[in-house]
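Enquirer: There's a structure below that I have some questions on.
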Amino acid sequence: MLGCVRIATVRQMAQVITAEESDGRSYVRRAMVELESLGLAETNGKNGKHQIWNLTPAGQKALADGNELPPRPKAGTGAKAVRAGFGPHGLAVTDTILAYTDTVLRGRREYLTDWQVEVNHAIKQTGLSFNTDAVLAVPTKTSEVRLFELDNGTMSQARLANEVWDYERYAGHRVWEGARGTIGGTYPFWQRHRYTRSTTFPRLHVVLAGKAEHLLDNRLQALTAAVQGITIAVWANTLPSLQRGEPWYEIGVDDPHERRSRYPEPAGH
Numbered sequence: 020m021l022g023c024v025r026i027a028t029v030r031q032m033a034q035v036i037t038a039e040e041s042d043g044r045s046y047v048r049r050a051m052v053e054l055e056s057l058g059l060a061e062t063n064g065k066n067g068k069h070q071i072w073n074l075t076p077a078g079q080k081a082l083a084d085g086n087e088l089p090p091r092p093k094a095g096t097g098a099k100a101v102r103a104g105f106g107p108h109g110l111a112v113t114d115t116i117l118a119y120t121d122t123v124l125r126g127r128r129e130y131l132t133d134w135q136v137e138v139n140h141a142i143k144q145t146g147l148s149f150n151t152d153a154v155l156a157v158p159t160k161t162s163e164v165r166l167f168e169l170d171n172g173t174m175s176q177a178r179l180a181n182e183v184w185d186y187e188r189y190a191g192h193r194v195w196e197g198a199r200g201t202i203g204g205t206y207p208f209w210q211r212h213r214y215t216r217s218t219t220f221p222r223l224h225v226v227l228a229g230k231a232e233h234l235l236d237n238r239l240q241a242l243t244a245a246v247q248g249i250t251i252a253v254w255a256n257t258l259p260s261l262q263r264g265e266p267w268y269e270i271g272v273d274d275p276h277e278r279r280s281r282y283p284e285p286a287g288h
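In C-alpha cells:
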C-alpha cells in the first residue's frame, strides 16, 4: 500500500488489510515497527497524534525487486513532503484513494496497485507544468484513466479554479506533425505523449476536504461557477460525501471541438 500511496497512518493501512468491522490497528502497528527495525519503513512526522508512515528508499527497492508493483523509478517515498508540512494533504489524498476504491470500485483492493500519486503533467514548449494528486489507471480494454485533484481547504478558491483550468490548457495543446514540405496535421499532445490508449481526455475528479461540510459545499458551489464552460469532463465531490458513497456533481463536460477552437493551432515546419 505504501508503495502506491506513499504515506499513510496505521488507521488507513488497517482499513485496507483487515476485514470489515474489524480493527487491525494493533497488528499493523507491530508490523510497521518490525519494518522500521529492518530499515524498510519510517516515520517523519505526525498528523495530530497519529504517526505518518512511509517506505524508505531501501523499502521501495525491496518492493520493486519483488515485482509487487509496476516500475516507478522516479517515485519518491513521501518523506520530504511530510517533513515539509504536507502530511495532512497527503493523508487526505490517501483517504480519497481508499474512499474511491471502496465506493466506486466496490472494494476491489487489487485496484490499489493501479494508483499513482503526484503525477507530473508538463508541456515543455508552453511552460505548463502541474502535479496531479492521484491518477487511477484501471487495466481494462479501454485503459480507463481517471485524474484526481484534492484541495484540503488550504487553497484560495481562485487558485483552485486556476488549477482546474490548467487541465483544459493541457488538454487543448496540439502538436504539428508532418514531413518537411508536406501539408502535415496536428494531434493532441496528451493523446500521443501521455494517455495513448484513451479516446477522450481523462475525466478530472476534484475532491474537497479539510473543512466543515457546509463550508465544503460552499466551495463546491463556488468552483462550479468558476469553471463554467470548461471543455473537459470534471466531476466534483466532498471527501465526506465520497466516503458515504454519495453521487458526484458533473461541473464540466468534455467538448473536444470547442476546446480545439480555443487554442491556437501550431505552425507547420
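Quick note: the sequence shown uses my numbering, first residue 20, plus one each step. Glycine included, each C-beta is placed from N, C-alpha and C at the ideal position.
Compare the C-alpha of T151 against each of L166, Q144 and K143 and name the closest.
Expert: Numbered from its first residue, the sequence shown carries residue 151 at position 132. Nearest option by C-alpha distance: L166.
Enquirer: In terms of residues, what are the limits of the beta strand (DSSP E) holding A141?
Expert: Mapped onto the sequence shown, residue 141 falls at position 122. That run of the beta strand (DSSP E) goes W134 to I142.
Enquirer: Closest to F208 by CA distance: which of A190, G126 and I116 is it?
Expert: Residue mapping note: residue 208 aligns to position 189 of the sequence shown, counting from 1. Minimum Cα distance to F208 is reached at A190.
Enquirer: As a quick exercise: from L242, E187 and L169, pick the residue whose alpha carbon is nearest that of S148.
Expert: As a working mapping, residue 148 is identified with position 129 in the sequence shown. Ranking the options by Cα distance to S148, first place goes to E187.
Enquirer: Does DSSP put W195 in a helix, a strand or coil?
Expert: Numbered from its first residue, the sequence shown carries residue 195 at position 176. Note: W195 maps to strand in three-state DSSP.
Enquirer: Examine the Cβ distances between the region 40–58 and the region 115–124 and report whether three or more of them are shorter than 8 Å.
Expert: Too few Cβ pairs lie closer than 8 Å, so no.
Enquirer: Hey, how far is the Cα of S56 from the Cα of V35?
Expert: The count along the sequence shown starts at 1 and reaches residue 56 at position 37. The count along the sequence shown starts at 1 and reaches residue 35 at position 16. Whole-angstrom Cα-Cα distance: 23 Å.
Enquirer: Under a CB-based cut-off of 7 Å, is T257 close to chain B?
Expert: Looking for chain B here will not work: only one protein chain is present.
Enquirer: Enumerate in chain order the residues of its own chain whose CB-to-CB distance from H108 is below 6 Å, with the five nearest sequence positions on each side excluded.
Expert: In the sequence shown, the residue the question calls residue 108 occupies position 89. Taken in chain order, the residues that qualify are N171.
Enquirer: Would DSSP call R222 helix, strand or coil?
Expert: Along the sequence shown, one-based indexing puts residue 222 at 203. Here R222 sits in strand by DSSP.
Enquirer: Using a threshold of 7 Å, state whether the C-beta atoms of V226 and T115 are closer than that.
Expert: Here residue 226 corresponds to residue number 207 of the sequence shown, with the count starting at 1. Here residue 115 corresponds to residue number 96 of the sequence shown, with the count starting at 1. Going by C-beta atoms, V226 is nearer than 7 Å to T115.
Enquirer: Ends of the alpha helix (DSSP H) at E232?
Expert: Start at 1 with the first residue of the sequence shown, and residue 232 comes out as number 213. E232 -> alpha helix (DSSP H) spans E232 to A245.
Enquirer: If you draw a straight line from the alpha carbon of K80 to that of G58, how long is it in whole angstroms?
Expert: As a first step, residue 80 is located in the sequence shown; it is residue number 61 there, counting from the start. As a first step, residue 58 is located in the sequence shown; it is residue number 39 there, counting from the start. Taking the straight line from one Cα to the other gives about 11 Å.
Enquirer: Please report the distance separating the alpha-carbon of G85 from that of R128.
Expert: As a first step, residue 85 is located in the sequence shown; it is residue number 66 there, counting from the start. As a first step, residue 128 is located in the sequence shown; it is residue number 109 there, counting from the start. Cα to Cα, G85 sits roughly 19 Å from R128.
Enquirer: If you draw a straight line from the C-alpha of K65 to the C-alpha of G97, how long is it?
Expert: For the purposes of this step, residue 65 is taken as residue 46 along the sequence shown, with counting starting at 1. For the purposes of this step, residue 97 is taken as residue 78 along the sequence shown, with counting starting at 1. One C-alpha to the other measures close to 13 Å.
Enquirer: Count the other C-beta atoms from every protein chain shown that fall within 10 angstroms of the C-beta of A244, then say buried if there are 16 or more, exposed otherwise.
Expert: By 1-based counting over the sequence shown, the position of residue 244 is 225. Exposed: under 16 other Cβ atoms inside 10 Å.
Enquirer: Could you pull out every unbroken alpha helix (DSSP H) segment of at least 4 residues lying fully inside the region 45–99, listed in chain order?
Expert: Qualifying alpha helix (DSSP H) stretches, in chain order: 76–84.
Enquirer: Evaluate A103 with the Cβ neighbour count: other Cβ atoms within 10 Å of its Cβ, from every protein chain shown; 16 or more gives buried, anything less gives exposed.
Expert: Locating residue 103 in the sequence shown gives position 84, counting from the first residue. Result: exposed.
Enquirer: The beta strand (DSSP E) spanning S148 covers which residue range?
Expert: In the sequence shown, the residue the question calls residue 148 occupies position 129. Per DSSP, S148 belongs to the beta strand (DSSP E) from L147 to V157.
Enquirer: Compare the C-alpha of L74 against each of A252, A177 and N63 and name the closest.
Expert: In the sequence shown, counting from the first residue as 1, residue 74 sits at position 55. Per the Cα distances, N63.
Enquirer: So the candidates are W184, T218 and Y282; which of them puts its Cα closest to the Cα of V194?
Expert: By 1-based counting over the sequence shown, the position of residue 194 is 175. That would be Y282, whose Cα lies nearest to the Cα of V194.
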